[in-house]
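These notes concern the structure reproduced below.
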Amino acid sequence: MDPKLVRAFMVSAEDSSSNETSSIVFAIFQSIKARKASFLSLVQALGDYLTNEDTLIRAKGTALLSLVLSECAKEQMNPAAANVNELVDFYCDRLADPPSVPQLLRGLVSLQQFQTFSNENAIKISKAIFESVKVQSLQQTDRHIIFQIFDGLLKQHLNALQQMGSEFVFGFIQVMDGEKDPRNLLLAFSLVKYIIANFDINEHVEGLFEVTFCYFPITFKPPPDDVYGITADDLKVGLRECFSATPHFANQAMPLLLEKLASSSGNAKKDSMETLTACAPIYGANSLIPYLEDLWDGLKIEIFHSTDDSLESYALDTIRSIASALSSQILVQSDPLEQFLQPIIKECLENIKEPELRLAKHSGRILKYCATASDPACNILVSSSMRVLLEQYKKSELITQKKAILEVLMQFLEASRTLYGSIDDTIIGDQVDQDFVTPLLTYKDEFFEIFSGPLVTTNEYNELRLVSLKGLYSMILIRKFLSDNEIGIVLQHFNQVILTEYNQEIKSEVLNALANVAHYKPNVVLEVSLPAFIAYLPDDINDLQKDSVMVVPNKKLATYNAVLDGLTKFAVEPSLFEVFADAVIKKLNNIQSATGAVSDYLQALLSALHNILIKKSDLKHSDIARYVDLLLSRLLAALIGPTLKNNDQSMDNAFLDLKILKIVAGIISIITRNLDIEEQSIFVAKMFKLFIEGDTSFLAFSEEEKQIYFDSFKPLSAVSNSVQQDLCILFAAVVGSIQQEVPIPVENISNFLSDIEMVSLSTSNERQRIALLKLAASIVNKWKQDDQLKEFVHSKILVELQNYLIANGQVDQGLRSVALSHFLWFTKALLLRAEEVGYECTGIMINLFNDVSLGRQASEGFDILVGEDDVLNKKNFAVIKLFPLLIHSLSLPEPQLKISTIDTFYMIAHDAPHIISEHVTTLVPLLLSLSQTNDDNTMHVRISALRCLGVLPDTVRFDILYPYKNQVVRELVKVLDDKKRLVRKEAVDCRNKW
Numbered sequence: 001m002d003p004k005l006v007r008a009f010m011v012s013a014e015d016s017s018s019n020e021t022s023s024i025v026f027a028i029f030q031s032i033k034a035r036k037a038s039f040l041s042l043v044q045a046l047g048d049y050l051t052n053e054d055t056l057i058r059a060k061g062t063a064l065l066s067l068v069l070s071e072c073a074k075e076q077m078n079p080a081a082a083n084v085n086e087l088v089d090f091y092c093d094r095l096a097d098p099p100s101v102p103q104l105l106r107g108l109v110s111l112q113q114f115q116t117f118s119n120e121n122a123i124k125i126s127k128a129i130f131e132s133v134k135v136q137s138l139q140q141t142d143r144h145i146i147f148q149i150f151d152g153l154l155k156q157h158l159n160a161l162q163q164m165g166s167e168f169v170f171g172f173i174q175v176m177d178g179e180k181d182p183r184n185l186l187l188a189f190s191l192v193k194y195i196i197a198n199f200d201i202n203e204h205v206e207g208l209f210e211v212t213f214c215y216f217p218i219t220f221k222p223p224p225d226d227v228y229g230i231t232a233d234d235l236k237v238g239l240r241e242c243f244s245a246t247p248h249f250a251n252q253a254m255p256l257l258l259e260k261l262a263s264s265s266g267n268a269k270k271d272s273m274e275t276l277t278a279c280a281p282i283y284g285a286n287s288l289i290p291y292l293e294d295l296w297d298g299l300k301i302e303i304f305h306s307t308d309d310s311l312e313s314y315a316l317d318t319i320r321s322i323a324s325a326l327s328s329q330i331l332v333q334s335d336p337l338e339q340f341l342q343p344i345i346k347e348c349l350e351n352i353k354e355p356e357l358r359l360a361k362h363s364g365r366i367l368k369y370c371a372t373a374s375d376p377a378c379n380i381l382v383s384s385s386m387r388v389l390l391e392q393y394k395k396s397e398l399i400t401q402k403k404a405i406l407e408v409l410m411q412f413l414e415a416s417r418t419l420y421g422s423i424d425d426t427i428i429g430d431q432v433d434q435d436f437v438t439p440l441l442t443y444k445d446e447f448f449e450i451f452s453g454p455l456v457t458t459n460e461y462n463e464l465r466l467v468s469l470k471g472l473y474s475m476i477l478i479r480k481f482l483s484d485n486e487i488g489i490v491l492q493h494f495n496q497v498i499l500t501e502y503n504q505e506i507k508s509e510v511l512n513a514l515a516n517v518a519h520y521k522p523n524v525v526l527e528v529s530l531p532a533f534i535a536y537l538p539d540d541i542n543d544l545q546k547d548s549v550m551v552v553p554n555k556k557l558a559t560y561n562a563v564l565d566g567l568t569k570f571a572v573e574p575s576l577f578e579v580f581a582d583a584v585i586k587k588l589n590n591i592q593s594a595t596g597a598v599s600d601y602l603q604a605l606l607s608a609l610h611n612i613l614i615k616k617s618d619l620k621h622s623d624i625a626r627y628v629d630l631l632l633s634r635l636l637a638a639l640i641g642p643t644l645k646n647n648d649q650s651m652d653n654a655f656l657d658l659k660i661l662k663i664v665a666g667i668i669s670i671i672t673r674n675l676d677i678e679e680q681s682i683f684v685a686k687m688f689k690l691f692i693e694g695d696t697s698f699l700a701f702s703e704e705e706k707q708i709y710f711d712s713f714k715p716l717s718a719v720s721n722s723v724q725q726d727l728c729i730l731f732a733a734v735v736g737s738i739q740q741e742v743p744i745p746v747e748n749i750s751n752f753l754s755d756i757e758m759v760s761l762s763t764s765n766e767r768q769r770i771a772l773l774k775l776a777a778s779i780v781n782k783w784k785q786d787d788q789l790k791e792f793v794h795s796k797i798l799v800e801l802q803n804y805l806i807a808n809g810q811v812d813q814g815l816r817s818v819a820l821s822h823f824l825w826f827t828k829a830l831l832l833r834a835e836e837v838g839y840e841c842t843g844i845m846i847n848l849f850n851d852v853s854l855g856r857q858a859s860e861g862f863d864i865l866v867g868e869d870d871v872l873n874k875k876n877f878a879v880i881k882l883f884p885l886l887i888h889s890l891s892l893p894e895p896q897l898k899i900s901t902i903d904t905f906y907m908i909a910h911d912a913p914h915i916i917s918e919h920v921t922t923l924v925p926l927l928l929s930l931s932q933t934n935d936d937n938t939m940h941v942r943i944s945a946l947r948c949l950g951v952l953p954d955t956v957r958f959d960i961l962y963p964y965k966n967q968v969v970r971e972l973v974k975v976l977d978d979k980k981r982l983v984r985k986e987a988v989d990c991r992n993k994w
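Sequential numbering from 1 applies to the sequence shown in UniProt numbering.
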């Protein structure tokens, strides 16, 4: 060992983390690692320093040795066992020197990390700390290291410490005694729990209890600048886990917890109830029996008379926990569960005799929580109270009383669902005891009668009807309570209410219940409800006329819309949707006359299909792909077929209403994007054949339709009839919804887009043009071959289209306007994928702002560039690299666009700060420039920029923002002199945060 290194350390600055001392420590470590030196030679080199009369010198010499050990531990170096033993002996002997203890403790932490650290070493260190270290005299950080040492020893050398037995338990009690630091206590509580679980504590129960219970209740309030983030709840949970770790604490804890329960402090009450809830199952029935009466007396006050709802909730949880604990033990003497519950039942039933009063509601909740405790508890509750409640209901004459009693009965139903399981638990039915069923089964028929009656009685009190609905719904949800046939009877009641009820609140609640039942029992809904709803819809034009829909359309159509709204809510499950979709197609085929009422009815039917598909897509249902054949081929046939008639009749077909086309386009889009790549490739190939070649062979035409649909299909022609041109919206829906990996089935994409461009420039049909523009933009956005895309952009967009735009006076202004529309959509497609040329195109558009003919259109076109679109969006697999687009938007002159973009950054900073972190280098300077006064930065732009800049220190990591701190603080000085008071105020707030 080079003595110069030791001397250099001893004369270095006091700060052990300085570069100088760190380099010395690392050099010594390297010498030991290279075996040029050893720990023994290091101790010898330290020699006189370790025995010096000056306490500071002794401590610093010890610090060097501990720092070298720490470096060895970090580098996972493992000294020989003999060296470790010698060092442990040395360190344990030195613990008798108080000034050196803090540095010795740091060395012990490192020593125990070595693989050669033995069980004997663990015992030796424990005894040395217990005998030599006055823990309470140490600083908080040093005490924390002691707890860390014991944490490591217990986790890695438990068997060795168990040999110490009660000596270790007693020693740890002395170490923990008097600890006040929250960080240390959190670790100490976890160690107490570990010791209780792994040591015989019989000799030290009282000591362990006293050393922990003295902290109850926790009153800690973390300081605002607490770097450790320890909360009062963390400490409360840690302490509670100590109390509930052993039944040995019961005799000491129960009287004290009851005392705290009776205190005037809400915090103490809450903590005592939470602790009782956790401890009751551990302490067991024998420990609880002497206190049952006192427990009920204390807890009922918090339920019946507390002004704090949260205390009521804690009290109810405690009652349930006690009842559960009493249920788990069968004793020779009178049943403790019965002993606990009977006074509760008696008092609650007495309160329910006046069911409208507040005490009755609280009593119902108490009975519910008791019933959820266990099967024995539920049986006691039901056998003691159910007959009384049912008789009281039958004798009650006031509707409000009936409602209140039904609400109490509802509590029993909810308790049964909690305890005995719900119908959604049937997926694990084989693991559930089939005999484990609610005792309410005995009263099922009576429940059925009293809950069904009010619901189907339309002149009944609505609040009573709502409670009866909830009761029937709860009965359905309880596992093995109602059979499928009985559920079917309930659904018939639901159908009746939904299809005939005028009260919207009742109807809405019943519909929600039906939708939930459909999720769990689709087979019953398929048999009982779905046919009833479908039958309520007209089948053909004659049905519509019979029901006077065409005479008074709004009256009956509102009913159809309500029925379809109901179907939209519950016909989502695969088996239900299949039947509904088939029924809709049949009805669509029968109704094609273009009267107003029929058109509205078609819209309603298709909207229902569309809305259900949206839900199915959100739920990621796998059956959606089936409907590319089952639904789309039939829908396309219904829309395209009428346009193939060689006469004007096609113009009168209700299917060709633009609103209907848009709905069908939405349906096509959802189904297409739910196909896999192979399925999309097959479908898009068929659609290209259909729309480009006019091949209608895959459409589901009937033989009769094939005889009358003989005209050619040319929707992409600029001179074909308008109804066929309108159908381009369907083509755009397909192409816009495919994944980037799906090939476009044409020989040359550039030529295809050029053809689309020519049709769009020459057509007089605006609907066809917009559809083709979106189609082309989608292809450009998802184009995988970058070289082909680049060539197309430069030849077609930057040359041909731009020539139209700059040829003012030489080209028809209408044609220039159409060319600008093309330019806008192509620019959007490029911007979304963050192509540099997209920003170049944006600049060209900005230059058009001063153009007399195109200026307004160019300005308004920015809504297209930054707005949400039904084709170019994430759901439709558009290539979207949003952040570069947002960054670029900040450089544009439109103030409102800037504000919207900054607000977007503000939300991203809160919701996804990691994204902001990746772009801080660009974003911070931009926000600073936007906070400065100039013509482009309005007051609102400056305020938004400062507000966004100010939120970054709260959301982005310090190490990422720190390099910009001085720049931001310096630049904001200028803003403090802004002419606008609101800007100055925001600047002050922002600067303070930075």
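Every residue gets a Cβ at the ideal spot worked out from N, C-alpha and C, and that includes glycine.
Just so it is clear, the structure is predicted and the values come from calculations on it, not from any experiment.
Reduced DSSP category for N751 - H, G, I as helix; E, B as strand; rest coil: Of the three classes helix, strand and coil, the one that applies to N751 here is helix, per DSSP.
Same chain, Cβ closer than 6 Å to I729, five either side skipped, listed in chain order: L661, A665, A771, listed in sequence order.
Whole beta strand (DSSP E) elements within the region 738 to 788, 3-residue minimum: If only complete runs of 3 or more residues are kept, the region 738 to 788 shows no beta strand (DSSP E) anywhere.
Reduced DSSP secondary structure (H/G/I, E/B, other) of N674: Three-state result, N674: coil.
Selected residue, minimal CA-CA separation from A987, among R970, H888, L946: Minimum Cα distance to A987 is reached at L946.
Proximal residues to Q252 (C-beta, below 6 Å), its chain only, five neighbours per side dropped: Result list for Q252: F209, in chain order.
Three-state secondary structure assigned by DSSP to S474: Looking at S474 - three-state DSSP - the assignment turns out to be helix.
N-terminal and C-terminal residue of the alpha helix (DSSP H) that E210 is part of: Here the alpha helix (DSSP H) through E210 covers 205 to 213.
Candidates K875, A188, K898, of which the one nearest D863 by Cα: Considering only alpha carbons, the answer is K898.
Cβ contact (3+ pairs, closer than 8 Å) linking the region 823 to 842 and the region 614 to 630: No contact exists between the region 823 to 842 and the region 614 to 630.
Where N121 falls: helix, strand or coil (DSSP): Three-state DSSP puts N121 in a helix.
Inter-residue spacing [alpha-carbon to alpha-carbon] between G107 and L65: Roughly 7 Å separates the two Cα atoms.
Cβ pair G364, Q411 closer than 9 Å: In contact: G364 and Q411 (Cβ atoms closer than 9 Å).
Contact under 9 Å by Cβ, C242 with L257: No. Outside cutoff.
Endpoints, the alpha helix (DSSP H) within which F9 is located: Residues 3 to 10.
Nearest residue (CA-CA) to D869, options K774, Y962, M687: Looking at the Cα atoms, K774 is the closest of the given residues.
Pair within 9 Å by beta-carbon distance, N111 and L69: The displayed chain sequence assigns Leu, not Asn, to residue 111. Cβ distance < 9 Å, so L111 and L69 count as in contact.
Enclosing alpha helix (DSSP H) for H144 [first to last residue]: Its alpha helix (DSSP H) spans residues 140 to 156.
Burial state of C378, where buried means 16 or more other Cβ atoms lie within 10 Å: Around the Cβ of C378, a 10 Å sphere holds 16 or more other Cβ atoms; the residue is buried.
Cut-off 6 Å between Cβ atoms - residues of its own chain near A160, not counting five sequence neighbours on either side: The beta carbon of A160 lies closer than 6 Å to those of N119, A122, I123 in the same chain, with the five residues before and after it left out.
Coarse secondary structure for V510, derived from DSSP in three states: Here V510 sits in helix by DSSP.
Beta-carbon gap between V133 and V101 smaller than 9 Å: The answer is yes: Cβ separation under 9 Å.
Distance, P3 Cα to G61 Cα: The alpha-carbon atoms of G61 and P3 are separated by roughly 13 Å.
Beta-carbon proximity of A638 to V572, cut-off 9 Å: Taking a C-beta distance under 9 Å as the contact criterion, A638 and V572 do not qualify as a contact pair.
Through-space distance from T458 to M475, alpha-carbon basis: About 22 Å.
Chain-order list of residues whose beta-carbon lies under 7 Å from that of R981 (same chain, five-residue window excluded): Residues of the same chain with a CB within less than 7 Å of the CB of R981, apart from the 5 flanking positions on each side, do not exist.
N- and C-terminal bounds of the alpha helix (DSSP H) containing L861: Just to set this straight, residue 861 is Gly in the shown sequence, not Leu. Premise fails: G861 is in no alpha helix (DSSP H) and is neither H nor E.
Environment of D600 [buried if 16+ CB atoms lie within 10 Å]: Counting Cβ neighbours within 10 Å, D600 comes out buried, since at least 16 surround it.
Assumed close pair P281, I230 - CB separation to whole angstroms, cut-off 8 Å: About 28 Å separates the beta carbons of P281 and I230, which is beyond the 8 Å limit, so they are not a contact pair.
Contacting residues, own chain, Cβ-Cβ under 8 Å from H919 (five flanking each side not counted): Excluding residues within five positions, the ones whose Cβ falls inside 8 Å are F883, I887.
Beta carbon of F823 nearer than 9 Å to that of I744: Against a cut-off of 9 Å, the Cβ pair of I744 and F823 comes out as no contact.
Proximity test, S889 beta-carbon vs the ligand HEM heavy atom, cut-off 8 Å: For the ligand HEM, the structure offers nothing, since it holds no ligand at all.
8 Å contact criterion, which Q740 and K790 should meet: CB distance rounded: In fact, because the Cβ distance is near 17 Å, the residues do not count as touching under 8 Å.
Cβ neighbour criterion (16 or more within 10 Å) applied to L367: Its Cβ being crowded by 16 or more others within 10 Å, L367 is buried.
Closest Cα partner of I667 within the set Q148, L635, I902: For I667, the closest alpha carbon among the candidates Q148, L635, I902 is that of L635.
Per-residue burial, V551 [other beta carbons within 10 Å of its own, 16 or more giving buried]: Because the pLDDT at V551 is just 40, under 50, the model does not fix this residue reliably, and the point stays unresolved.
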